[in-house]
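S.K.:
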Amino acid sequence: KAGSGRMAGMRAGPAPAIDGAACSLGRLAQSGCAACAAACPRGALQDSAEGLVLDALACSGCGACVAACPQRAITVDGASELRPEKPGQGAVALVCPRRSAEGGICLQALGLEALAGLWLAGVRRVLAVTGACAECPDGRGLDVATRVAAVDALLAERGLPGLRVDAAAGVPRGVPRLVASRPQARGR
Numbered sequence: 252k253a254g255s256g257r258m259a260g261m262r263a264g265p266a267p268a269i270d271g272a273a274c275s276l277g278r279l280a281q282s283g284c285a286a287c288a289a290a291c292p293r294g295a296l297q298d299s300a301e302g303l304v305l306d307a308l309a310c311s312g313c314g315a316c317v318a319a320c321p322q323r324a325i326t327v328d329g330a331s332e333l334r335p336e337k338p339g340q341g342a343v344a345l346v347c348p349r350r351s352a353e354g355g356i357c358l359q360a361l362g363l364e365a366l367a368g369l370w371l372a373g374v375r376r377v378l379a380v381t382g383a384c385a386e387c388p389d390g391r392g393l394d395v396a397t398r399v400a401a402v403d404a405l406l407a408e409r410g411l412p413g414l415r416v417d418a419a420a421g422v423p424r425g426v427p428r429l430v431a432s433r434p435q436a437r438g439r
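Each residue of the sequence shown is one higher than the last, beginning at 252 in our numbering.
(1) Using CA atoms only, rank isn't needed, just tell me which of Gly-312, Leu-414 and Pro-292 is closest to Thr-397.
(2) With a cut-off of 8 Å on the beta carbons, I'd call Ile-356 and Leu-305 a contact; round off their distance for me.
(3) For Val-317, I'd like the list of residues in its chain whose CB is within less than 7 Å of its CB, leaving aside the five on either flank, ordered along the chain.
(4) Taking the alpha helix (DSSP H) that Ala-401 falls in, what are its first and last residues?
(5) Cα-Cα, which of Gly-283, Leu-405 and Leu-308 is closest to Trp-370?
(6) Going by DSSP in three states, Arg-424 sits in which element: helix, strand or coil?
(7) What first and last residue would you give for the beta strand (DSSP E) that runs through Ala-344?
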């Protein structure tokens with residue numbers, strides 16, 4: 252039911268695509284799942300009798316909905332499949348899309364699965380080259396520290412080193428940027 256499009260004005264990233272067959276609301280409107288709508292700082296996602304509806308004009312493309320969706324039913328180019336620019340590096344830089352002409356990935360997009368995937372790829376430290384997230388319209392409800400703590404708790408239970416997310420003023424020399432992989436088709 253979701254549409255996509257570009258907002259006239261500044262968009263953090265592309266609008267999300269919603270897989271209605273994977274979405275709990277798309278399969279059963281009475282499911283009560285509205286995790287993505289609750290996470291959206293712009294109120295661009297609404298649950299309805301027909302399922303999930305996206306207001307593409309209100310959407311900034313920050314990826315908070317991707318991080319919140321327990322069914323992986325929402326994808327956003329640039330936020331759905333993240334990987335280090337150079338594999339095997341212990342640190343990567345995540346650059347706010349509002350701070351770089353080359354684009355970037357909003358911290359909102361780092362869900363539990365993305366963080367775990369980065370850890371599995373050998374990343375132990377994410378340098379967040381961001382602005383004042385609390386002042387950004389997409390920064391409302393930003394709880395990346397809570398998500399990192401949840402991943403770290405699982406790692407600690409297994410005696411494994413944790414993942415750190417630290418603020419950085421810029422991308423240090425030799426530290427690769429976090430980039431998006433091309434989305435792969437999922438079999439359902």
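Note that CB positions come from ideal geometry on N, CA and C, so glycine has one too.
M.R.: Reading off the structure:
(1) Leu-414
(2) Going by Cβ atoms, the distance from Ile-356 to Leu-305 rounds to 20 Å, so no, they are not a contact pair.
(3) Pro-267, Ile-325, Thr-326, Val-327, Ala-330, Ser-331, Ala-360 and Gly-362
(4) 395 to 408
(5) Leu-405
(6) coil
(7) 342 to 346
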